[in-house]
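**Student:** Pasting in a structure now, in structure tokens, and then I'll have a few things to ask.
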Amino acid sequence: MPPDDIHDIAARRLSGSHLRYTASRRALVEVLSRSPHPLTLPQILGSDTSLAQSSAYRNLGELIGAGVVHRIVTSDEHAHFELAEDLTEHHHHLICTSCGTVTDFTVSARLEKELDAALGAEAAERGFTAEHHRLDLLGRCADCA
């Protein structure tokens with residue numbers, strides 16, 4: 003999605019939550035949109051030195067609440083943040099249980115369709131209507147293995 007579209011959507015979603023799309027929030031969205039993988043707060047702050055830690059963390063919470071950002075909890079001391087999937091592309095995560103590294107990955111369209119069908123069937127069997135899915139694989143990255 004083009005960066006201007008991401009910013010327009012972020013502004014609309016924040017407005018829907020009665021929040022303004024401030025320069026700090028825009029900077030956070032910009033940092034996340036440029037990253038090929040989810041980032042920790044220290045990585046975000048290192049990418050844009052104009053961001054203050056206290057306001058960055060508060061603004062990330064507001065962006066999460068507005069559906070602009072997604073928080074990924076790992077086994078390390080820092081959560082990872084990325085743009086909401088509908089602002090990027092459907093993907094999954096490899097999460098290292100040793101170092102906490104998060105890597106995005108996609109699967110073939112065929113496998114994605116099979117996953118959707120299998121997970122949808124499991125949900126329906128339990129009277130649950132699935133809207134989408136996330137798949138996180140937990141294990142050890144190449145560096146930690």
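Residue numbers (our numbering): 3 to 147.
Just so you know, even glycine gets a beta-carbon here, dropped at the ideal spot from N, CA and C.
Count the C-beta pairs between the segment 32 to 41 and the segment 70 to 85 that are closer than 8 Å, then say yes if the count reaches three, no if not.
**Tutor:** As far as the Cβ criterion goes, the segment 32 to 41 touches the segment 70 to 85, which means the pair count is three or higher.
**Student:** Throw me the rounded Cβ distance for the D138 and H95 pair, which I believe falls under 8 Å.
**Tutor:** Contact flag correct, Cβ pair sits at about 5 Å.
**Student:** For E64, does the three-state DSSP call read helix, strand or coil?
**Tutor:** Helix.
**Student:** Look at V70 and V31 and say whether their C-beta atoms are less than 8 Å apart.
**Tutor:** Yes; because the gap between Cβ atoms is below 8 Å, this pair is in contact.
**Student:** State the start and end residues of the unbroken beta strand (DSSP E) segment that holds L139.
**Tutor:** First-last of the beta strand (DSSP E) with L139: D138 to G141.
**Student:** Have a look at R128 and G122 and give me their C-alpha separation to the nearest angstrom.
**Tutor:** Near 10 Å, if we compare the C-alpha coordinates of G122 and R128.
**Student:** For L21, report the span of its beta strand (DSSP E) as first-last.
**Tutor:** Careful: L21 lies outside any beta strand (DSSP E) and carries neither H nor E.
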